[in-house]
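Residue numbers for the sequence shown follow this note's numbering, beginning at 3 and rising by one. Beta carbons: idealized from backbone N, C-alpha and C, even for Gly.
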Amino acid sequence: KISQINIQSQETNGKDSEDSPEQFNLAEASLLRKVIRKGLIDSKNDIEIQRQNPNSPLYSVKTFEALNLNPNLLKGVYDMGFNAPSKIQETALPTLLANPPQNLIAQSQSGTGKTAAFVLAMLSRVDTTKKYPQVLCLSPTYELAIQTGEVAAHMAKFCSEIEMKYAVRGEEVSRGTHLTEHIIIGTPGKVLDWALKFRVFDLKKLTVFVLDEADVMIATQGHQDQCIRIHKNLSPTCQMMFFSATYDQQIMEFAEVIVPDPITIRLKREEESLDNIQQYYVRCAGPQEKYNAVTNIYGTVGVGQAIIFCHTRRTANWLAEKMTKEGHAVAVLTGDLTVEQRINVLDRFRSGQEKVLITTNVLSRGIDVEQVTIVVNFDLPVDMEGKADCDTYLHRIGRTGRFGKHGIAINLVDSDEAMNICQTIEKHFNRKIRYLNAEDSDEIE
Ligand code: ADP
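Set out below in C-alpha cells:
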C-alpha cells in the first residue's frame with residue numbers, strides 16, 4: 003500500500019527568460035531518462051570493485067532465486083518482467099542483502115538497474131511485525147521520489163503487508179503522531195522536518211538508509227547538508243546504500259562521509275566518441291542563412307532523423323515556427339515544457355512522427371535516439387563565459403559503442419567568434435571539422 007500521489011508538472015523556475023541560454027538540469031534530465039527508458043542499458047564493461055572490506059567476501063549471483071528472497075517479493079520481481087539480475091545487480095544485490103548488513107557505494111550510469119536493486123533490498127529488509135519506519139530512501143526531488151515509490155509499489159505488489167509513505171511536498175503530518183509505515187521515501191527537507199522537528203518517526207530506529215542519485219543531490223543547493231544532518235542522527239548499525247550515476251571526486255568525498263566501511267562497486271559507462279561522426283561547418287551570414295542551410299541540408303540528407311540544437315528558447319521556437327510554416331514536421335523541446343509535455347515530445351520523435359527535433363541544452367545529454375543521423379549545432383555550445391563547451395559538444399554529437407553507426411554533425415558558424423569556437427572544438431578532439439558549402443550539400447558523405 004502506498005499513499006497515492008500523481009506525478010505533477012515540474013515547476014519551471016521562473017528565473018530564465020526566453021533569451022537566456024538554456025541550462026542543463028541534472029534532476030530533470032534524470033527524471034526524463036527514467037520515465038522514457040523502457041528497459042535496461044546493457045554495458046559491455048565489467049564491474050570494477052573499487053574497495054572491499056577484506057573480512058567480508060563478495061558474492062555475485064546470476065539469478066534472483068539465488069538471493070533467497072521472500073517468495074512474494076520474488077513474484078513481484080518477476081511480475082516486473084525481470085528475468086535475471088542486471089550487471090550491477092549481480093554484485094549489488096548479494097551485498098545489499100548480506101547478513102550482517104554491508105554498506106554499499108554503487109556507481110553506474112542511469113538505466114543499469116540501480117533503483118530496482120535498492121528497492122528490492124529495501125523491501126526485503128522490512129520487518130512487518132514492527133509498525134514503525136525502518137527504511138528511509140532519500141531522493142533529490144519530488145518527482146524522483148515518486149518514481150522510486152512507484153517501482154517499490156510494483157515490486158511489493160504481492161507483499162500487501164508492507165506499507166510505505168512519501169515524505170515530499172504536499173504531504174502533511176501533525177506533530178505528535180507516530181508513523182506506522184515501514185518505508186519512507188522522501189526529499190531531504192521534508193524528511194528533516196518530519197524526523198527532527200515534528201518527531202513523527204525515529205531516525206535511530208532505521209535499519210536501512212538509501213541515498214539515491216547522490217550526484218543530483220549534491221548538485222542541488224542545500225541537499226548535501228540536509229543529507230548529512232539526517233545521516234548524523236542514524237544508528238551506527240544502520241545499513242547505508244549510496245547510489246550515483248556519475249563518479250567524481252566530490253561525489254566520492256560525499257560518499258565517504260555517509261558510508262563507513264563500504265564495498266564500492268562501479269560499472270563504467272561506455273564513453274561517447276566522435277570516431278564514426280563526419281563533422282562539418284557551414285559559414286552563414288546570420289539567422290536567415292542559418293535557416294537556409296538547415297533546410298538545404300535537411301532536404302538533401304532527408305533520411306533518418308535530425309536534432310537541431312539552439313542556444314536559447316527564442317531561437318528554437320523561431321526556427322520551429324519557420325520550418326513548420328514550410329511544411330516540415332518538427333518537434334520542439336525546451337525548458338518551459340512540463341515533464342509530461344517533454345515525454346510526449348520525445349515519445350513522438352522516437353516513434354518517428356517527427357523527423358526533426360529542435361531543442362536547447364535541456365537535451366544535451368544521455369537521451370540516445372538511435373535513428374538520429376544528423377545533429378545540427380544551430381548555435382555552437384558555449385559555457386557561461388561564452389567559451390567553447392567541448393563536453394556539451396561531445397554529449398550532443400558523440401555516440402556510445404552501442405550506437406556505433408555513423409552520423410553527421412553540422413556546425414553553423416555565423417561570426418568570427420563562432421569560427422574560433424569551432425576551431426577550439428576541432429583542436430580539443432583532434433578530429434577534423436570540414437568546410438561544407440550548404441548550397442551544395444551533395445558533398446556530404
Ligand atoms: P537506474 O536506477 O540505474 O537508472 P533502473 O533500476 O531504473 O536503473 O532500471 C532501468 C530500467 O531497467 C527500468 O525500466 C527497470 O524496470 C529495468 N530493469 C531493472 N532491472 C532489471 C532486470 N534485472 N531485468 C530487466 N529489466 C530491469
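N-terminal and C-terminal residue of the alpha helix (DSSP H) that residue i is part of
| i | result |
| --- | --- |
| Tyr144 | Tyr144 to Met157 |
| Val448 | Outside the displayed range of the chain (3 to 447) lies residue 448, so it cannot be described from this structure. |
| Leu396 | Cys392 to Ile399 |
| Val386 | One point to set straight first is that residue 386 is Met, not Val, in the sequence displayed. Where Met386 is concerned, there is no enclosing alpha helix (DSSP H), given that its DSSP letter is neither H nor E. |
| Ala318 | Arg315 to Lys327 |
Rounded distance between the beta-carbons of residue j and residue i, thought under 8 Å
| i | j | result |
| --- | --- | --- |
| Gln307 | Lys357 | 5 Å |
| Leu106 | Phe244 | 7 Å |
| Leu359 | Ile309 | 5 Å |
| Glu92 | Ser45 | About 12 Å separates the two Cβ atoms, so there is no contact after all. |
| Val43 | Thr114 | Residue 43 is actually Ile in this sequence, not Val. Between Thr114 and Ile43 the Cβ distance is about 5 Å, and since that is below 8 Å, they are a contact. |
| Phe311 | Thr362 | 7 Å |
| Thr1 | Lys133 | In the structure displayed, the chain extends from 3 to 447; residue 1 sits before or after that span and is not available. |
| Thr314 | Glu20 | 6 Å |
| Val175 | Val202 | 5 Å |
| Lys292 | Leu382 | Rounded, the Cβ-Cβ distance is 11 Å, inconsistent with contact. |
| Asn47 | Lys324 | That pair is no contact at about 43 Å. |
| Glu274 | Arg401 | 6 Å |
| Arg344 | Leu34 | 6 Å |
| Ile220 | Ile187 | Rounded, the Cβ-Cβ distance is 19 Å, inconsistent with contact. |
| Lys64 | Ala86 | 6 Å |
Start and end residues, beta strand (DSSP E) containing residue i
| i | result |
| --- | --- |
| Asn2 | The displayed coordinates of the chain run from 3 to 447. Any statement about residue 2 would go beyond what the structure contains. |
| Arg436 | Ile435 to Tyr437 |
| Arg53 | Ile49 to Arg53 |
| Gly83 | Run containing Gly83: none; DSSP gives neither H nor E here. |
| Ile220 | Not the beta strand (DSSP E): Ile220 falls in the alpha helix (DSSP H), residues Ala216 to Ala221. |
| Gly191 | Segment Pro190 to Leu194 is the alpha helix (DSSP H) holding Gly191; no beta strand (DSSP E) there. |
| Asn379 | Val374 to Asn379 |
| Phe211 | Val210 to Leu213 |
| Tyr168 | Met166 to Ala169 |
| Gly409 | Gly409 to Val415 |
| Ala68 | No beta strand (DSSP E) holds Ala68; DSSP gives it neither H nor E. |
| Leu359 | Val358 to Thr361 |
| Val334 | Val332 to Leu335 |
9 Å Cβ cutoff, residue i in contact with chain D
| i | result |
| --- | --- |
| Leu99 | Absent here is chain D; the protein component of the structure consists of one chain. |
4-residue-minimum alpha helix (DSSP H) runs that sit fully inside the region 226–307, ordered along the chain: Listed in chain order, they are 251–260 and 289–303.
Contained beta strand (DSSP E) runs [length at least 3] in the region 98–141, N- to C-terminal order: 105–110 and 137–140, all fully within the region 98–141.
At least three beta-carbon pairs within less than 8 Å, the region 161–177 to the region 212–227: Taking 8 Å as the limit for Cβ pairs, the verdict is that the region 212–227 does not touch the region 161–177.
The region 282–289 in contact with the region 409–421 per 3-pair CB rule at 8 Å: These segments touch.
Validate contact between the region 266–273 and the region 224–241 using beta carbons, cut 8 Å, 3 pairs: No, the region 266–273 does not touch the region 224–241.
Segment contact, 8 Å Cβ cut-off, at least three pairs: the region 420–427 with the region 287–305: Output reads no: the region 287–305 does not touch the region 420–427.
The region 328–335 in contact with the region 375–386 per 3-pair CB rule at 8 Å: Between the region 328–335 and the region 375–386 there are fewer than three inter-stretch CB-CB distances shorter than 8 Å, so the stretches are not counted as touching.
Inter-stretch contact at 8 Å, needing at least 3 Cβ pairs: the region 89–104 / the region 192–200: Taking a cut-off of 8 Å on C-beta distances, the region 89–104 does not touch the region 192–200, as fewer than three cross pairs fall below it.
Meets three-Cβ-pair contact criterion under 8 Å: the region 117–137 and the region 152–159: Proximity of the region 117–137 to the region 152–159 meets the contact definition, three or more beta-carbon pairs being nearer than 8 Å.
Three CB pairs or more closer than 8 Å across the region 54–68 and the region 338–354: Under the Cβ criterion (8 Å, minimum of three pairs), the region 54–68 does not count as touching the region 338–354.
Inter-stretch contact (C-beta, 8 Å, three-pair minimum) for the region 333–341 and the region 381–393: Too few Cβ pairs lie closer than 8 Å, so no.
Inter-stretch contact at 8 Å, needing at least 3 Cβ pairs: the region 205–214 / the region 124–134: Contact between the region 205–214 and the region 124–134 is present, because at least three Cβ pairs lie under 8 Å.
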